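Residue numbers (the numbering used here): -18 to 192.
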């Protein structure tokens, strides 16, 4: 099932011009070292996108090593663009400060590709509120009139899981600070415009129907 169908119909659309593409947490049972090592190997060896996504899903029960492996993926310069969505989804589900730090570094890196940074923003939004999600649309979508869009909506399942290193208690303020910094430094860029749009939505009152 696509992530778009996981969001409520009432989700808020935030548009910005683009020239490039763009519950509570629960603790799960620890996976064996063998399972976690196997998942790590699959991430780097498989040429099948579905198996890559399945390997990431397997890491969600690896509270200690899973975040470290996901951090390695965010640091890659050769990650295929079509795998970014799966990486973003897994990162937003496994709440761990190591992942937060790695994703934040990518979002703030103005030399990184826009798609990487925007997918990272989606992770930070889920860290701000684990019931929220940012969905990225490709430019040129006829429904969007040639514009890209960020769809800020609510998850109706897929509860988050906790990594071994909890997020800082200030995570919500930290996320807002990251978005505000990007918006201030890149007011005319795709990522900066997206950050400005998301900031305006994060403080809005949400539906009582939560994930």
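Glycine is no exception: its CB is placed at the ideal position from the N, C-alpha and C atoms. As the structure is a computational prediction, the values presented were derived from the model and not from experiment.
### Between the CA atoms of residue 17 and residue 174 - distance to the nearest angstrom
Near 38 Å, if we compare the C-alpha coordinates of residue 17 and residue 174.
### Message
Since residue 180 and residue 157 should fall inside the 8 Å C-beta cutoff, what is the C-beta to C-beta distance between them, to a whole number of angstroms?
### Response
Residue 180 to residue 157, Cβ: 7 Å. Contact.
### Task
Pick out whichever of 57, 109 and 60 has its Cα sitting closest to the Cα of residue 76.
Nearest C-alpha to residue 76: 109.
### Query
Considering residue 40, what are the terminal residues of the beta strand (DSSP E) in which it resides?
For residue 40, there is no enclosing beta strand (DSSP E), as DSSP marks it with neither H nor E.
### Task
Would you grab the beta carbon distance between residue 96 and residue 62 for me? Rounded to a whole angstrom, and I think it's under 8 Å.
By a beta-carbon distance limit of 8 Å, residue 96 contacts residue 62. Their separation comes to about 6 Å.
### Task
Would you tell me roughly how many angstroms separate the C-alpha atoms of residue 74 and residue 107, rounded to the nearest one?
Linking residue 74 to residue 107 through their CA atoms gives a straight-line distance of about 8 Å.
### Task
Would you list the one or two residues that DSSP bridges to residue 76?
DSSP, once it has assigned bridges, lists 143 as partnering residue 76.
### Span of the alpha helix (DSSP H) around residue 115
Not the alpha helix (DSSP H): residue 115 falls in the beta strand (DSSP E), residues 113 to 117.
### Query
In this structure, does DSSP put residue 134 in helix, strand or coil?
Three-state result, residue 134: strand.
### Query
residue 154: buried (16+ other C-beta within 10 angstroms of its C-beta) or exposed?
With fewer than 16 Cβ atoms within 10 Å of its Cβ, residue 154 is classed as exposed.
### Query
When you compare only the Cα positions, how much space is there between residue 37 and residue 185?
Between residue 37 and residue 185, the alpha-carbon positions lie close to 31 Å from each other.
### Query
Is residue 47 helix, strand or coil by DSSP?
Assignment of residue 47 by DSSP, reduced to helix, strand and coil, places it in the helix class.
### Message
Spatial neighbours of residue -7 within its chain, please: C-beta separation below 8 Å, excluding the five flanking residues on both sides.
### Response
With a pLDDT of 32 at residue -7, under the threshold of 50, the predicted position of this residue should be treated as unreliable, though the coordinate-derived value follows. Short of 8 Å from the beta carbon of residue -7, and not among the five residues preceding or following it, lie these beta carbons of its own chain, in chain order: 132, 133, 134, 182 and 185.
### Query
Taking the alpha-carbon positions, what's the residue 45 to residue 71 distance?
Cα to Cα, residue 45 sits roughly 15 Å from residue 71.
#### Entry: Range covered by the alpha helix (DSSP H) that runs through residue 92
Premise fails: residue 92 is in no alpha helix (DSSP H) and is neither H nor E.
#### Entry: Distance between residue 27 and residue 112 (C-alpha atoms, nearest Å)
In this structure, the CA atom of residue 112 is about 31 Å from the CA atom of residue 27.
### Message
Please report the straight-line C-alpha distance between residue 166 and residue 99, rounded to a whole angstrom.
### Response
Rounded to the nearest whole angstrom, the CA to CA distance from residue 166 to residue 99 is 15 Å.
#### Entry: C-alpha distance - residue 79 paired with residue 67, whole-angstrom precision
Looking at the two C-alpha atoms, the distance is approximately 18 Å.
### Message
Judging by CA-CA distance, which residue of 94, 89 and 146 is the nearest neighbour of residue 105?
### Response
Taking residue 105 as reference, the option from 94, 89 and 146 with the minimal CA-CA separation is 89.
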